[in-house]
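Please read the structure below before turning to the comments.
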Amino acid sequence: MDAILVKGNGPVNGQIPIAGAKNACLTLMPATLLSDEPLTLTNAPRLSDIKTMSALLGSLGAEVSSLNDGLVLAMSTHNLSSVRADYDIVRKMRASNLVLGPLLAREGHAVVSLPGGCAIGARPMDLHTSALEALGAEIELKDGYLHAKAIGGKLKGGTHEMRFASVGATENFVMAATLAKGTSVLKNAAREPEIVDLVQCLRKMGAQIDGEGTSEIIIQGVDRLHGATHPVVTDRIELGTYMLAPAIAGGEVELLGGRIALVQSFVDKLDEAGVDVWETDAGLKVKRRSDHINAVDVRTEVFPGFPTDLQAQMMAMLCTAQGESNLEETIFENRFMHAPELMRMGADIDVHGGVAKVKGVKRLKGAPVMATDLRASVSLILAGLAAEGETLVSRVYHLDRGYEKLEQKLQAVGAKVERVQGN
Ligand code: EPZ
27 MDAILVKGNG PVNGQIPIAG AKNACLTLMP ATLLSDEPLT LTNAPRLSDI
77 KTMSALLGSL GAEVSSLNDG LVLAMSTHNL SSVRADYDIV RKMRASNLVL
127 GPLLAREGHA VVSLPGGCAI GARPMDLHTS ALEALGAEIE LKDGYLHAKA
177 IGGKLKGGTH EMRFASVGAT ENFVMAATLA KGTSVLKNAA REPEIVDLVQ
227 CLRKMGAQID GEGTSEIIIQ GVDRLHGATH PVVTDRIELG TYMLAPAIAG
277 GEVELLGGRI ALVQSFVDKL DEAGVDVWET DAGLKVKRRS DHINAVDVRT
327 EVFPGFPTDL QAQMMAMLCT AQGESNLEET IFENRFMHAP ELMRMGADID
377 VHGGVAKVKG VKRLKGAPVM ATDLRASVSL ILAGLAAEGE TLVSRVYHLD
427 RGYEKLEQKL QAVGAKVERV QGN
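As structure tokens, this is what we get:
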């Protein structure tokens, strides 16, 4: 099993290109199920999760071709051969549940496995089912699968207010509503940039949608959607992750394709911590204001608040900040598994419930550590950049789900990072 070896060394300098967003691509791909005409995505990230989604769509009868070294996904769904998303695929990748809304809209029925728990939490689907029931779906749980069907064979427009602004449930509702009969309104909708990107793509396909990026999205159902070509939006989580490399190790790095608007709340926190971020024609530049980082308090929230997907990476930086930082995780119930691994590197972290208290130490010490989930794994690599000695991060298959060419991107700015045979 592969591992990543990181040698703590000096500052990082240079440019890192940012790829298309995994979490946008994973909701854009199921949109091919909504039309019998071709949907082509450009600027697609080269990640194992994208391969998993391609396999799932293929199992439903869609044709997915990966072109131009994976940057282009040419998809078409003339007709579906199945409406079933199996447990063995869904348990590996929760985003597989994003075929539920499109299948209901296109075929009037779907059988989608519940994902089961994952490292960061139980991650139920009650918000998805109640949202789709507002569109006239009948959903029953049987042997671990959601058996869903549109009453009368076709979804009907409806209004629904979510108790929590779930990203996936918003995406399932919006995709399903594009072909429902009549008008649909989703209140307390999620506002993430990936949802805005999905709506822009659906609009190119002929959908009639307003309000994306706000907490109220209105969809006027249409009879059919046509094909389109759409570029995947820049990955704000990959962007934020690599912005922390110069913050942790020193130096100045330009993140190509980055824009402040994608990470405003994160940039505000970096500013508080003593890190400058400014826009260039090519993207974003990041540089520490002095030789140390100030402790800051962080609370994760739905967009536009501080992203939960950057919490682990922020903790890696705060482990060597001057002072004590409090990180409060409000989105997932178990998203501090990177803390014990960082403590193996000498970090001083005290986790109680949803709050991690991080007392900055002078320097971390490299150590063998284990990746537990996608964002925890990259936080260990960031911590290793400035640690004394070597850090060996095992189980890096987690990393390959969300970070393309990670070693190459960090090597390009002078970091000593390489992939080795793990134990
Ligand atoms: C998306 O997951 C992202 N994944 C996650 O990124 C991200 O952390 C999350 O949004 C929050 O921003 C993709 O877009 C593929 P939610 P999603 O529904 O849609 C609870 C990464 O690292 N909930 O907004 O599953 C849930 O348990 C991944 O790239 C319910 O209770 O997130 C969680 O506590 C990790 N019932 C919270 O809401 C439901 O029906 C947020 O979930 C659905 C969710």
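In short: position in the sequence shown from 1, add 26, done, that's our numbering.
Where is the CB? At the ideal position from N, CA and C, for every residue including glycine.
Here the structure is a predicted model, which means the values were calculated and not measured.
Whether residue i touches residue j by CB criterion (7 Å)
{"i": "Gly448", "j": "Met27", "result": "yes"}
{"i": "Gln41", "j": "Leu282", "result": "yes"}
{"i": "Ala412", "j": "Pro37", "result": "no"}
{"i": "Glu355", "j": "Thr398", "result": "no"}
{"i": "His186", "j": "Leu212", "result": "yes"}
{"i": "Ala45", "j": "Pro71", "result": "yes"}
{"i": "Asn198", "j": "His252", "result": "no"}
{"i": "Arg110", "j": "Pro141", "result": "no"}
{"i": "Pro128", "j": "Met201", "result": "yes"}
{"i": "Leu31", "j": "Leu432", "result": "no"}
{"i": "Ser210", "j": "Ile165", "result": "no"}
{"i": "Arg427", "j": "Asp112", "result": "no"}
{"i": "Lys391", "j": "Glu414", "result": "yes"}
{"i": "Ser12", "j": "His364", "result": "Residue 12 cannot be examined here, being either before or after the span of the chain that is shown, 27 to 449."}
{"i": "Phe358", "j": "Ile221", "result": "no"}
{"i": "Glu350", "j": "Ala382", "result": "no"}
{"i": "Lys442", "j": "Lys77", "result": "no"}
{"i": "Gln68", "j": "Val98", "result": "According to the sequence displayed, residue 68 carries Thr and not Gln. Yes, they are a contact pair."}
{"i": "Ala20", "j": "Lys230", "result": "The displayed coordinates of the chain run from 27 to 449. Any statement about residue 20 would go beyond what the structure contains."}
{"i": "Ala174", "j": "Ala136", "result": "yes"}
{"i": "Gly3", "j": "Asn39", "result": "Here the chain covers residues 27 to 449 and nothing more, so residue 3 does not appear."}
{"i": "Ala216", "j": "Thr196", "result": "yes"}
{"i": "Gly178", "j": "Ala160", "result": "no"}
{"i": "Ser139", "j": "Gly170", "result": "yes"}
Closer than 6 Å: residue i CB and nearest the ligand EPZ heavy atom
{"i": "Arg229", "result": "no"}
{"i": "His318", "result": "no"}
{"i": "Pro219", "result": "no"}
{"i": "Ser192", "result": "yes"}
{"i": "Asn214", "result": "no"}
{"i": "Ala487", "result": "The structure shown does not extend to residue 487, since the chain spans only 27 to 449, so no value can be given for it."}
{"i": "His154", "result": "yes"}
{"i": "Phe332", "result": "no"}
{"i": "Met201", "result": "no"}
{"i": "Arg401", "result": "yes"}
{"i": "Pro366", "result": "no"}
{"i": "Leu52", "result": "yes"}
{"i": "Asp49", "result": "Asp is not the amino acid found at residue 49; the sequence shown has Asn there. Indeed, a heavy atom of the ligand EPZ lies less than 6 Å from the Cβ."}
{"i": "Asp335", "result": "yes"}
{"i": "Thr272", "result": "The amino acid occupying residue 272 in the given sequence is Pro; Thr does not appear at that position. Flag unset: Cβ of Pro272 not near the ligand EPZ."}
{"i": "Arg149", "result": "yes"}
{"i": "Ile357", "result": "yes"}
Residues bridged to residue i [DSSP beta-bridge criterion]
{"i": "Tyr171", "result": "Ser139 and Lys168"}
{"i": "Leu418", "result": "Leu31 and Pro394"}
{"i": "Ser91", "result": "Ala100"}
{"i": "Ser351", "result": "Val384"}
{"i": "Pro43", "result": "Leu282"}
{"i": "Glu63", "result": "Per DSSP, none; premise fails for Glu63."}
{"i": "Gln447", "result": "Asp28"}
{"i": "Glu133", "result": "None, per the DSSP bridge assignment."}
{"i": "Ile146", "result": "According to DSSP, Ile146 bridges with nothing at all."}
{"i": "Thr68", "result": "Pro257"}
{"i": "Ile375", "result": "Val384"}
{"i": "Thr53", "result": "Answer by DSSP bridge pairing: none, since Thr53 is not bridged."}
Within-7 Å CB hit, residue i to chain C
{"i": "Lys311", "result": "No chain C is part of this structure, which consists of one protein chain only."}
Can you list the alpha helix (DSSP H) stretches of 4 or more residues lying completely in the region 250-309, in chain order? 262-275 and 290-299
Three or more beta-carbon pairs under 8 Å between the region 34-51 and the region 123-136, yes or no? no
Would the region 128-147 and the region 88-95 be scored as touching if the rule is three or more Cβ pairs under 8 Å? no
Please determine if the region 235-245 and the region 253-273 are in contact, where contact requires at least 3 C-beta pairs separated by less than 8 Å. no
Using a Cβ distance threshold of 8 Å, determine whether the region 368-382 contacts the region 327-335, with at least three qualifying pairs required. no
Contact the region 249-257 vs the region 280-294: 3+ CB pairs below 8 Å: no
List in chain order: all unbroken beta strand (DSSP E) runs of 3+ residues lying wholly within the region 308-348. 309-314
If we count Cβ pairs, one from each stretch, closer than 8 Å, do we get three or more for the region 62-71 versus the region 296-306? no
Evaluate the contact criterion for the region 337-348 versus the region 373-393: three or more CB pairs, one atom per stretch, below 8 Å. yes
Which runs of the alpha helix (DSSP H) fall wholly inside the region 196-246 and span at least 4 residues, in chain order? 219-230
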